[in-house]
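Participant: Chains A, B, C and D, in that order, are what the protein sequence lines are.
Our numbering puts the first sequence at residues 60 to 146.
Our numbering puts the second sequence at residues 60 to 146.
Our numbering puts the third sequence at residues 1083 to 1230.
Our numbering puts the fourth sequence at residues 1083 to 1230.
Have a look at the structure that comes next, please.
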Amino acid sequence: MTNLIKVLYFARLKESLNYSTEDMDLPAGVKTIAQLKDHLAKRGEAWATLFNGQQSIRAAINHALVGNDAIIKSGDEVAFFPPVTGG
Amino acid sequence: MTNLIKVLYFARLKESLNYSTEDMDLPAGVKTIAQLKDHLAKRGEAWATLFNGQQSIRAAINHALVGNDAIIKSGDEVAFFPPVTGG
Amino acid sequence: MSVKVQTTDFDVGAEVAVMRLSSANIGALVSFVGQVRDFNDGDNVTSMFLEHYPGMTEKALSEIIAQAKAGWSIADATIIHRVGELKPQDQIVLVLVASVHRQDAFAACEFMMDQLKTNAPFWKKEQTQNGLRWVEAKASDEAARQRW
Amino acid sequence: MSVKVQTTDFDVGAEVAVMRLSSANIGALVSFVGQVRDFNDGDNVTSMFLEHYPGMTEKALSEIIAQAKAGWSIADATIIHRVGELKPQDQIVLVLVASVHRQDAFAACEFMMDQLKTNAPFWKKEQTQNGLRWVEAKASDEAARQRW
């Protein structure tokens, strides 16, 4: 059984990772935003810098801001970005 | 010695009195706004209705809002009007 | 800083553009536009006449701007108030404030409107289906002025 | 109620006119216009790029309007936010609120700006004399949001 999700990166995350969007098969044991951050942090140094214990990285699921405990479901669009600066 | 002043009336005062402006030689004993109101109240019924103990009539001297105790000097422009309703 | 009392209409967009482009340090512009309503105190209003006290009006509006400058950090402010005959949905007043930061612009603009309601010599006479009547000053406007 | 995210400029006067003339019961319109400043955190800014999250942005702005409607008595509200490349003195955002009474219009407009600063997915990258840099979120904006 696959758990396909889409992951988006914005602003300085996108620049640091040189990555704006990817389709991902959610690994076994990754159920929450916190767990997905831990998973991404293992991809390499740039990823570790951004996702290791980085409380300041915000997350959204399906266009709604969520916290680290939010559950990711198959088909979700997950986004990571820095604190926003609109207006 | 004369004490010439100009007196202006606005809005419903102007309508009730059928009077918008007059030059007046300030009578002896009339030094303040309160005393001028008492003096005007003696001119007839329409005047008495407006100026007898009418706290709601506002006054200005030389374009500045003033209270009943304000002193009137020769050459002053005195104005009487209802509470304002701008904006 | 500018004060205008006029019978003619005004253009909010043009006023905002002039003030905005006067300085690259302005980050925030807050405007208030008042419109004549077709309904007041339970009656339909078909037209309104705005009387004022020429000379004192301009002085009172300038004083309101001076108070706003004393109370908040603002870069510029404009008041335009129309007088004479107005119809429902005519614009009646514009208060426009520019500042480096938005909080000052919002507070100063609202302060100026509250002052304008109670401290500037304007009087409104309405034509309603029940005839002509002078608009009475509102206690709520006096209360709004006193909170500053 | 309307939300627009666009690269093109907007016309405050036209937006005010459309909203104002939509109802004769509207007495008060409050607008906020944000302008790109030429100076930020001690550096000259020569241009700025505004990135956003298409789809989420529109949803977040609509949610801000819904919260304003729930909190105050407002007749209408519009948010226009520009994205892409902007220069100093370009208009960046318009928040426009119409209400029967002015207090609701002022409060709702300021509330919406505070929400917009902290709850909508925009990010700014500035070109300064010292190079490109991402603008950091401000603690003062978070504090402004939390007072409501």
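Note that CB positions come from ideal geometry on N, CA and C, so glycine has one too.
Note that this is a predicted model, so its numbers are computed, not measured.
I'd like to know whether the C-beta of C/P1203 is nearer than 9 Å to at least one C-beta of chain D.
Facilitator: False, the Cβ-Cβ gap to chain D never drops below 9 Å.
Participant: Taking Cβ-Cβ distances below 7 Å as the criterion, which residues of the region 1112–1144 of chain D are in contact with chain C?
Facilitator: Within the region 1112–1144 of chain D, the residues whose Cβ lies closer than 7 Å to some Cβ of chain C are V1112, S1113, F1114, V1115, G1116, Q1117, R1119, D1120 and F1121, listed in chain order.
Participant: Is the beta carbon of C/V1130 sitting closer than 9 Å to the one on C/K1206?
Facilitator: Going by the sequence as given, residue 1130 of chain C is Met instead of Val. Yes.
Participant: Output, in sequence order along the chain, the residues in the region 109–126 of chain A whose CB is closer than 8 Å to any CB in chain D.
Facilitator: Per Cβ criterion, the list reads A119, H122, A123 and L124.
Participant: Measuring CB to CB, does C/A1190 end up less than 9 Å from C/V1112?
Facilitator: Contact: yes.
Participant: Is the CB-CB distance between A/P142 and D/A1219 below 9 Å?
Facilitator: Closer than 9 Å, so yes.
Participant: Looking at chain D, is there any beta carbon in it that lies within less than 9 Å of the beta carbon of C/V1182?
Facilitator: Output row for C/V1182: interface = yes.
Participant: Just list the beta strand (DSSP E) runs in the region 98–126 of chain B, keeping only unbroken ones of 3 residues or longer that don't cross its boundaries, in chain order.
Facilitator: If we require 3 residues or more, the beta strand (DSSP E) runs fully inside the region 98–126 of chain B come out as 117–120 and 123–125.
Participant: What are the start and end residues of the beta strand (DSSP E) that includes A/M83?
Facilitator: From DSSP, the beta strand (DSSP E) with A/M83 extends over T80 to D84.
Participant: Return the chain-ordered list of same chain residues with a C-beta closer than 7 Å to the C-beta of C/D1125, the five sequence neighbours on each side being excluded.
Facilitator: Closer than 7 Å at the Cβ level, and outside the excluded window around C/D1125, lie T1210, Q1211 and N1212.
Participant: Is it buried or exposed for C/A1225, if we count other Cβ within 10 angstroms and need 16 for buried?
Facilitator: Exposed, since its Cβ has fewer than 16 Cβ neighbours within 10 Å.
Participant: Hey, how far is the Cα of C/G1109 from the Cα of C/P1136?
Facilitator: Taking the straight line from one Cα to the other gives about 34 Å.
Participant: Got a sec, what are the start and stop residues for the alpha helix (DSSP H) B/N77 sits in?
Facilitator: Neither: B/N77 is in no alpha helix (DSSP H) and is coded neither H nor E.
Participant: Is there a Cβ of chain C sitting closer than 9 Å to that of D/L1168, yes or no?
Facilitator: Output row for D/L1168: interface = no.
Participant: Check whether the region 126–137 of chain A touches the region 98–112 of chain A, taking contact to mean three or more Cβ pairs, one atom from each stretch, closer than 8 Å.
Facilitator: With the cut-off at 8 Å, the region 126–137 of chain A and the region 98–112 of chain A do not touch.
Participant: Which complete beta strand (DSSP E) runs does the region 1100–1164 of chain C hold, if anything under 3 residues is left out?
Facilitator: You should have 1110–1117, 1125–1134 and 1158–1164.
Participant: Along chain A, which residues have their Cβ under 7 Å away from the Cβ of D/T1200?
Facilitator: Result: V143.
Participant: Contact defined as beta carbons within less than 8 Å: I believe A/D84 pairs with A/K65. What is the distance between those atoms, to the nearest angstrom?
Facilitator: With a Cβ gap of about 11 Å, A/D84 and A/K65 do not count as contacting.
Participant: Which residues of chain D have a Cβ atom closer than 7 Å to the Cβ of A/F139, listed in chain order?
Facilitator: Ordered by position in chain D, no residue passes the 7 Å Cβ test against A/F139, which lies about 11 Å from the chain.
Participant: Under 9 Å between C-beta atoms, does A/R71 make it to chain D?
Facilitator: Yes, contact with chain D.
Participant: Short check: CB of C/S1144 to CB of C/S1181, under 9 Å?
Facilitator: Going by C-beta atoms, C/S1144 is not nearer than 9 Å to C/S1181.
Participant: Are the C-beta of C/I1162 and some C-beta of chain B separated by less than 9 Å?
Facilitator: Not one chain B Cβ lies under 9 Å of C/I1162.
Participant: If we ignore side chains and look at the alpha-carbon of each, how far apart do B/G146 and D/E1097 end up?
Facilitator: Between B/G146 and D/E1097, the C-alpha separation is close to 21 Å.
Participant: Mind checking if D/A1110 is an interface residue toward chain C, Cβ cutoff 9 Å exclusive?
Facilitator: Interface residue, yes.
Participant: Taking C-beta to C-beta, are D/R1184 and D/F1092 nearer than 9 Å?
Facilitator: Not in contact: D/R1184 and D/F1092 (Cβ atoms no closer than 9 Å).
Participant: With distances taken Cα to Cα, identify the nearest neighbour of D/A1187 among D/T1128, D/A1157, D/R1227 and D/R1229.
Facilitator: Here the closest residue by C-alpha is D/A1157.
Participant: Tell me the DSSP secondary structure of D/T1090 in three-state form.
Facilitator: Of the three classes helix, strand and coil, the one that applies to D/T1090 here is coil, per DSSP.
Participant: So D/D1171 contacts chain C; which residues on that side make the cut at Cβ distance below 9 Å?
Facilitator: The amino acid at residue 1171 of chain D is misidentified as Asp; the sequence shows Gln. Here the neighbours are R1102, L1103, S1105, A1106 and I1108.
Participant: Given a cut-off of 9 Å on the beta-carbon distance, is the pair D/T1160 and D/M1083 in contact?
Facilitator: Contact flag set, yes.
Participant: Between which two residues does the beta strand (DSSP E) carrying D/E1218 extend?
Facilitator: Careful: D/E1218 lies outside any beta strand (DSSP E) and carries neither H nor E.
Participant: Would you identify the three-state DSSP class for B/F140, choosing helix, strand or coil?
Facilitator: Three-state DSSP puts B/F140 in a strand.
Participant: Who are the Cβ neighbours of C/E1167 in its own chain at under 7 Å, not counting the five residues just before and after it?
Facilitator: Here the set comprises S1129 and F1131.
Participant: Taking the straight line between their C-alpha atoms, what separation do you get for B/R117 and D/V1127?
Facilitator: Rounded to the nearest angstrom, the two C-alpha atoms are 53 Å apart.
Participant: Do C/F1193 and C/Q1228 have their CB atoms nearer than 9 Å?
Facilitator: Not in contact: C/F1193 and C/Q1228 (Cβ atoms no closer than 9 Å).
Participant: Kindly indicate which residue of D/K1086, D/R1215, D/V1177 and D/S1105 has the alpha-carbon position closest to the one of D/Q1117.
Facilitator: When each option's Cα is compared against that of D/Q1117, the closest is D/V1177.
Participant: Compare the C-alpha of A/I131 against each of A/W106, A/N77, A/A105 and A/V89 and name the closest.
Facilitator: Cα-wise, what sits closest to A/I131 is A/V89.
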